[in-house]
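Asker:
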Amino acid sequence: MTAQTASMHKTSILDGKAIARDVTDAVAQVSATFAQTHGRQPGLSVVLVGEDPASQVYVRNKGRMAAKCGFASQTHRLSADVAQPELMALVDQLNADPGVDGILVQLPLPPQIGADAVLRAIDPTKDVDGFHPVNAGLLASGDVDTPLLPCTPAGIMHMIRRVHGADLSGLSAVVIGRSTIVGRPIAQLLLAANATVTIAHSRTPDIASVSRAADILVAAVGRPQLVGRDWVKPGATVIDVGINRIEDVNLGTSNLVGDVDFEAVAPIAGAITPVPGGVGPMTIAMLMGNTLKAAEARMR
Ligand code: NAD
123 MTAQTASMHK
133 TSILDGKAIA
143 RDVTDAVAQV
153 SATFAQTHGR
163 QPGLSVVLVG
173 EDPASQVYVR
183 NKGRMAAKCG
193 FASQTHRLSA
203 DVAQPELMAL
213 VDQLNADPGV
223 DGILVQLPLP
233 PQIGADAVLR
243 AIDPTKDVDG
253 FHPVNAGLLA
263 SGDVDTPLLP
273 CTPAGIMHMI
283 RRVHGADLSG
293 LSAVVIGRST
303 IVGRPIAQLL
313 LAANATVTIA
323 HSRTPDIASV
333 SRAADILVAA
343 VGRPQLVGRD
353 WVKPGATVID
363 VGINRIEDVN
373 LGTSNLVGDV
383 DFEAVAPIAG
393 AITPVPGGVG
403 PMTIAMLMGN
413 TLKAAEARMR
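Letter by letter, the sequence shown follows residues 123 to 422 of my numbering.
(1) Measure the beta-carbon distance from I225 to Q206 and round it to whole angstroms, keeping in mind my assumption that it falls under 8 Å.
(2) Would you mind stating whether A391 and V360 have Cβ atoms separated by less than 8 Å?
(3) Please go through the same chain and pick out, in chain order, the residues whose beta-carbon is closer than 8 Å to the beta-carbon of A125, but skip the five residues on each side of it.
(4) Nearest-angstrom Cα distance between M123 and A276?
(5) Could you round the C-beta distance between H252 and A314 to whole angstroms and report it? I think they count as a contact, below 8 Å.
(6) Strictly by DSSP, which residues pair up with H198?
(7) Mind checking whether the beta-carbon of L226 lies closer than 7 Å to any heavy atom of the ligand NAD?
(8) For the alpha helix (DSSP H) that contains T268, what are its first and last residues?
(9) Which partner residues of N377 appear in the DSSP bridge assignment?
(10) Suppose only complete runs of 3+ residues qualify. What are the beta strand (DSSP E) ranges in the region 172-234, listed by chain order?
(11) Below 6 Å CB to CB, which residues in the same chain sit around I298 once its five sequence neighbours on both sides are set aside?
(12) Does the beta-carbon of L378, which I'm using as the reference point, lie nearer than 7 Å to any heavy atom of the ligand NAD?
(13) Are there three or more Cβ pairs, one per stretch, closer than 8 Å when the region 290-307 is compared with the region 326-335?
(14) Could you check what DSSP says for D383 in three-state terms: helix, strand or coil?
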């Protein structure tokens, strides 16, 4: 790139807060119509076990956003030493409650609880986190319409569609990370949108050159600023999922950074998400979308 073309290059910063607001505004409108039609609000129940400070913040934000969307939302708080049968009984009760459309059990759960068993006990039609094997299995079979999709990957796709449209034919996508919450499902969604998808992970040799082939690069690793400038093809769309808290012990401060070195990569990317204010706000917006989708499906 010459100095002249470099100065002409304009990177689009994908503003997750603004895009998330568009999503929740649309959800709130449809939710109002739902309430008029059915005589009740869509219902979201959040289960919080213990006192984890980050979980408390997430749950509070979810409750606040649910209220903005016109949902009836409840938070069920259980103590950190709750026994598994008691938590399972609550899940059963919420499964059976006709006013509850979405159930979310906030993770992480304390060590005495088998998280997989709890997530599997949730009625898949109320599984607004999209983690139940039925929803994950439908997605893996190529069905992106029937299942409730996991919120972070769904939010990422929403952002990618803003840049590239719905059909990613001819584009190469690289996902770094293979977790069940982000890496695997985002790879399935990209594949369903016709991208040519590569999943890279901790055992992939020379990730930099794999990444550099990507028109769309999704980093979901949890390693601060792992993705540097030489990992990115000029003009690529770079989606940074990482949320890493960096403490400065000398200053006594902390700040959030992503998996991408934003300062280094932004000048050459075509589009990039910041951290914070990129993918993060999309996750909660898509949770609202899932709750509405679950409510509508249950009234059909
Ligand atoms: P995870 O720990 O479950 O998975 C991380 C993945 O990265 C693994 O598959 C591993 O193989 C891979 N990996 C680890 N080190 C690597 C390396 N050096 N090179 C290449 N790959 C490597 O994490 P996760 O749940 O997928 O989350 C990833 C990040 O995204 C975390 O920072 C998390 O906080 C963040 N996150 C953000 C949101 C959001 O709403 N924005 C939601 C979920 C997760």
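Glycine included, each C-beta is placed from N, C-alpha and C at the ideal position.
Answerer: Looking at the coordinates:
(1) Position 103 of the sequence shown, counted from the start, is the residue given in the question as residue 225. Position 84 of the sequence shown, counted from the start, is the residue given in the question as residue 206. No, I225 and Q206 are not in contact; Cβ-Cβ is about 16 Å, not under 8 Å.
(2) Within the sequence shown, numbered from 1, the residue matching residue 391 stands at position 269. Within the sequence shown, numbered from 1, the residue matching residue 360 stands at position 238. Against a cut-off of 8 Å, the Cβ pair of V360 and A391 comes out as a contact.
(3) By one-based count along the sequence shown, residue 125 stands at place 3. Here the model assigns A125 a pLDDT of 49, short of 50, so the residue's position is not dependable and the matter cannot be decided.
(4) In the sequence shown, residue 123 corresponds to position 1, counting from 1. In the sequence shown, residue 276 corresponds to position 154, counting from 1. Residue confidence is low: M123 scores 47 on pLDDT, short of 50, so the model does not pin down where it sits. No coordinate-derived value is stated.
(5) As a first step, residue 252 must be located in the sequence shown, where it is residue number 130. As a first step, residue 314 must be located in the sequence shown, where it is residue number 192. The sequence shown places Gly at residue 252, not His. A314 and G252 do not touch by the CB rule: their CB atoms are close to 14 Å apart, not below 8 Å.
(6) If you number the sequence shown from 1, residue 198 lands on position 76. BP columns for H198 point to V169.
(7) Locating residue 226 in the sequence shown gives position 104, where the first residue counts as 1. Answer for L226: no, Cβ out of range of the ligand NAD.
(8) Position 146 of the sequence shown, counted from the start, is the residue given in the question as residue 268. Where T268 is concerned, there is no enclosing alpha helix (DSSP H), because DSSP gives it neither an H nor an E.
(9) In the sequence shown, counting from the first residue as 1, residue 377 sits at position 255. For N377, the beta-bridge partners assigned by DSSP are I368.
(10) List check, beta strand (DSSP E) in window: 194-200 and 224-227.
(11) Indexing the sequence shown from 1 puts residue 298 at position 176. If we look at I298 and ignore the five residues flanking it on each side, its Cβ neighbours are A322, A341 and V343.
(12) Against the sequence shown, residue 378 aligns to sequence position 256. Checking the Cβ of L378 against the ligand NAD gives no.
(13) Contact between the region 290-307 and the region 326-335 is present, because at least three Cβ pairs lie under 8 Å.
(14) Position 261 of the sequence shown, counted from the first residue, corresponds to residue 383. Secondary structure at D383: coil, using DSSP grouped into helix, strand and coil.
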